[in-house]
Amino acid sequence: MKVEDSRYLNDKRDMMKKLVCSLGRDFPYVSVLGTDVRGKQYQVMTTGISVNDSRWSERGFVLRVHDGRGYFEFSFNEMENQSVEEIVKYVGRKLSAFRKSMNENSLDASAVPMFEEEESKLCFNDEVGILPGSLSAGETIDRLSSFKDRAHEFSDEVVNVMALMENVQVSKLFISSRRELSQSYIWSQGYLYVVARRNKKTKYSMKGFSGLKGLEILDEMEAFVGKVVENARLLLSAERIDPGEYDVICSPDVAGLIAHEAFGHGVEMDMFVKGRAKAVEYLGKRVASELVTMHDGAAGVREVSSYAFDDEGCLAKDTVIIENGILKRGISDLISASVLGTEPTGNGKRESYERKAYARMTNTYFSPGKDDLKDMIESIDYGFLLEDYYSGMEDPKNWGIQCVIAYGREIKKGQFTGRIVSPVMMTGYVPSLLKSISMVSGDFKLSGTGACGKGHKEFAKVSAGGPYIKAKARLG
Amino acid sequence: MIETIVKNLEANSVDAWRIREENIESEEYFFVGNKVDLGRAKKVKKYEVTVYRDFEEGEKKYRGSSTVTISPGTAVEEIVHSIQEAFFAAGFVKNPWYPMAPKFSRRFRTDEHYLHDLSGDAIGAIFDNERPSNSWLNSVEIFVTRNGYRILNSEGLDAAFSKYRTYIESIVSSSGREEVELYDQLLLALPDVERISERISRLLLLVGERANAVPTPALDRIPVVLTGEPVREVMRYYLKQANARLKYDRISEVEPGDSVQSGESGDKITLEVVPELEGSYFSLPVDNDGFLIGKRTVIEKGILKDYWGDIKYSHYLGIEPTGAVLNFSVGPGSLSIDEMRKVDHLEVTNFSAVDVDETTGDFGGEIRLGWYFDGSKRIALSGGSVTGNLRELESIYLSKETELDGDYYGPRSISIEGLKVSGE
């Protein structure tokens, strides 16, 4: 079913054009992005229920001008006919103050070249299976409550259950003197979270669901209730791993975390501009085994970060970052592309209209290979199958990686022993990890739950994934 | 806008309501080296409206709620639709009844500042520093913000206050064995020039150490001294064990009179929640409910004395609320940092990320900068990881020296036995 336009943004379209036209008299480049993101989050826990607007909800505008020396932005959320001229004056005052502040501190503004936009018009409305409005709040809560009740029926060791579903409609309108782009799409995500306790030991298991979809996500969640309870109980008997280097098989979501942390953040090209990325030294060189091909793109696949254009009015692309082990290129926002003299890749994303756009990942993934998972497991003399994760962090300058993985299943002589280790901290030097990849399965799965930060802030929706991969990794 | 929202809440006969208005104005600077490549300003107003619905089943009273966000310029018909939809949804939110924040009316006074002056102070404090020859500021982002709040509810509460927020994200680099960097984020109320300057100077020294660091060897079980941010995050674990919501949600298992520690030897933790810490952005007069925030000692010598929490979860546990406090302080310990450093140990100041799991007590992080002391030499290290579980420690010692960092005031270092170190 087709996702409708935002009435709010359509009502503001003429005023946005008026603003671009008025400021265009003083500045060689002006654009305005309008956002209208509306969503609901439904959460049923053993201990309570909540129904609130999604925390991704936002409605406002960000204006960007280039004054011949560099870019300046202004975020605001009040725009009526009479306020357009006030906004024009406010931007002028703030830009003067910004230039003055630099002078007072004897600091320079970088000369950022102005990006020459090509003319473009686009109107994109995505489709989903079941529109979120098709179920009432009561019906949605009943569905989630039934998941919670079923989880408790599985075991007395379950002490708390959370079933959460969130549907978000994203509508954006970008207007500059040469571009008029609009898009509307819906993404949804869900979580099943089960806390289990035995003899004072507490563990939890979590399973996420996501995609450019509507209420059909509830059926996917329902099918996994038993599995999440089983995993939580399994973790109650988990042991800690002895630190060391092991042969590992990473599940698609752990492989996705590695892709995201290892080379996703490491090739965000604003890091190139700052001299923070080791990747610059390795462009055109081998950084991974020849089995590894890695992509990032809003256009190549359908997940939560698939869109028609980014938050700077650049059209979505599919970027091949690593091709058969060779580092090919990075992903960029518009300013880093302007400074570096490269083409923007449609990766300029903002947490909201209130924030700066940075070079950010969209959907980041390893391409599938030709191996069979069964053969991969049988090839391991001693090691672990690593599944699910809690968090990750990268070090783009020195290619260190930190992945907190939920659990590992021990493998001895090609067979699972039944022993579980949890949690597992995977650390190491990224090229060593990627060069050690010796088998890649034919499976392919993406996941886009949660959010990715730039450092410790600026959260954005991304997805990551790929096939099962076999590698050597340092675990602790 | 508030009048329009209240009029429509009353017209729709909701059982109770709360409105939180926020006005935000900011100046933002994005530096690469000492050149700014983007300037930004922000002027935004938002309304968060919570609609409550009371109902009974048998003898039991319930209070459902639903929160919606409303932007300026939203048409009246859309506001009415949002309120009606939220009131309908709240009827399915079957949570036990709890009271609203009680009636009171006050405008909390704050000294007013020009954002331009504040951002000038922050920029000056960052760039006027003397720097070691082999370390430099790679990039800095400065956000200086004025947030104004007004909270109203259907009981007659009307509280207003404003605060300033200075957020500085710094990346420092150094060149030694190889070129390396360290990441830092500093969050203050006003841009305290002395604190910013000290912080930047210390970062430049630390990154110089990292530039000459060697890979962490496999040390396995050795006392681990944590200094700075990792201490704050470990102590936050104990703070959360005393939180009313986590107790109600069956995550925290401790009862008043129980130990929050796990029988390890060493120092016992005394922790209090506090509304005000000097210079802390997290100091607030009232919480999001409009409840006046209070101070409480929640852990005394390792024993849970009382929980802390907002009005809803405190009511559920049958305790007096403190409000949703954001600052906490921990009492000093028995060892000086020098005493902690006398024996063989690994000290870590910077992890890639400090991962502390409030549910399981699991702790872990990849080492970005640490030092191994083998009894004679102190060697800078990088790489490898520290992992363990805060419920399975052999000992924990807190330093006599204390520091203020963001929402935390307490020991600057802690020494722990019972963690595993993974290295090459």
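Those sequence lines, one after another, are chains A and B. The first sequence: position 365 = 365 (UniProt numbering), numbered continuously. The second sequence: position 243 = 243 (UniProt numbering), numbered continuously. Even glycine gets a Cβ: it sits at the ideal position worked out from N, Cα and C.
With a threshold of 9 Å between beta carbons, Asn147(B) makes no contact with chain A. If you ignore the 5 residues before and after Ala90(B), its C-beta comes within less than 7 Å of the C-beta of Val51, Tyr52, Arg53, Gly64, Ser65 and Ser66, all in its own chain and listed in chain order. Within the stretch 270–354 of chain A, the complete alpha helix (DSSP H) segments of 4 residues or longer fall at 270–273 and 334–340, listed in chain order. As the crow flies, the alpha-carbon of Ser205(A) is around 28 Å from that of Ile416(B).
Annotation: the continuous beta strand (DSSP E) that includes Tyr382(A) extends over Tyr382 to Asp395.
Val224(B) and Val172(B) have their C-alpha atoms some 25 Å from each other.
Boundaries of the alpha helix (DSSP H) around Glu78(B): Val76 to Ala90. Using beta-carbon distances, Asp37(B) counts as an interface residue toward chain A, with a partner under 9 Å.
Under the DSSP definition of a beta bridge, Glu268(A) partners with Ile331(A). For the stretch 444–470 of chain A, the residues whose beta carbon sits under 8 Å from a beta carbon of chain B are, in order, Gly455, His456 and Lys457. Against chain A, the beta carbon of Ala159(B) has no neighbour under 9 Å; the closest one sits roughly 22 Å away.
Pro396(A) sits buried, since 16 or more C-beta atoms from the chains shown fall within 10 Å of its C-beta.
The beta carbon of Lys103(B) sits closer than 7 Å to the beta carbons of Glu155, Gly156 and Leu157 from its chain, once the five residues preceding and following it are set aside; these are given in chain order. When CB distances to chain B are screened at a threshold of 9 Å, the residues of the stretch 184–206 of chain A falling below it are Val195, Arg197, Lys200, Lys201, Thr202, Lys203 and Tyr204, in chain order. Closer than 8 Å at the C-beta level to chain B, one finds no residue of the stretch 252–269 of chain A. In the displayed model, Met425(A) falls within a strand according to three-state DSSP. Nearest in C-alpha terms to Val325(B), of all of Lys240(B), Val32(B), Glu48(B) and Arg146(B), is Lys240(B). Closest in alpha carbon position to Glu387(A), among Ser352(A), Leu235(A) and Lys370(A), is Leu235(A). Secondary structure note for Ile367(B): its beta strand (DSSP E) is the uninterrupted segment Asp362 to Phe373. Judged by DSSP secondary structure, Thr227(B) falls within the beta strand (DSSP E) whose first and last residues are Val224 to Thr227. If you check the CB distance, Arg240(A) and Ser422(B) do not come in under 9 Å. Non-local beta-carbon contacts of Glu233(B) in its own chain, meaning distances under 8 Å to residues more than five positions away in sequence, involve Val354 and Val356 in chain order. Against chain B, a Cβ distance below 8 Å from Asp67(A) picks out nothing, because the smallest value is about 10 Å. Taking every protein chain shown into account, the CB of Gly313(A) has 16 or more other CB atoms within 10 angstroms, so this residue is buried.
Going by beta carbons, Val62(A) and Tyr353(A) fall inside the 9 Å limit. Per DSSP, the continuous beta strand (DSSP E) segment holding Asn167(A) begins and ends at Val158 to Ser176.
What Asn138(B) touches in chain A, judged by beta-carbon distance under 8 Å, is Lys274, Gly275 and Arg276, going in chain order. Between Lys42(B) and chain A, the shortest Cβ-Cβ separation is below 9 Å.
By the rule that beta-carbons nearer than 9 Å mark a contact, Asp357(B) touches chain A.
In this structure, the straight-line span from the alpha carbon of Ser210(A) to that of Tyr468(A) is close to 19 Å.
Taking a contact to require three or more Cβ pairs closer than 8 Å, the stretch 327–343 of chain B and the stretch 404–415 of chain B qualify as touching.
Excluding sequence positions up to five before and after Leu340(A), its CB lies within less than 8 Å of the CB of Met269, Phe272, Val273 and Ser332, all in the same chain and listed in chain order. The Cβ neighbour count for Asn199(A), taken over all protein chains shown within 10 Å, is under 16; the residue is labelled exposed.
Residue-level contact by beta carbon holds for Ile49(A) and chain B, with a gap shorter than 9 Å. Restricted to the stretch 76–126 of chain A, the alpha helix (DSSP H) segments that are unbroken, complete and at least 4 residues in length are 84–104, listed in chain order.
Per DSSP, the continuous alpha helix (DSSP H) segment holding Asn8(B) begins and ends at Ile2 to Ala11.
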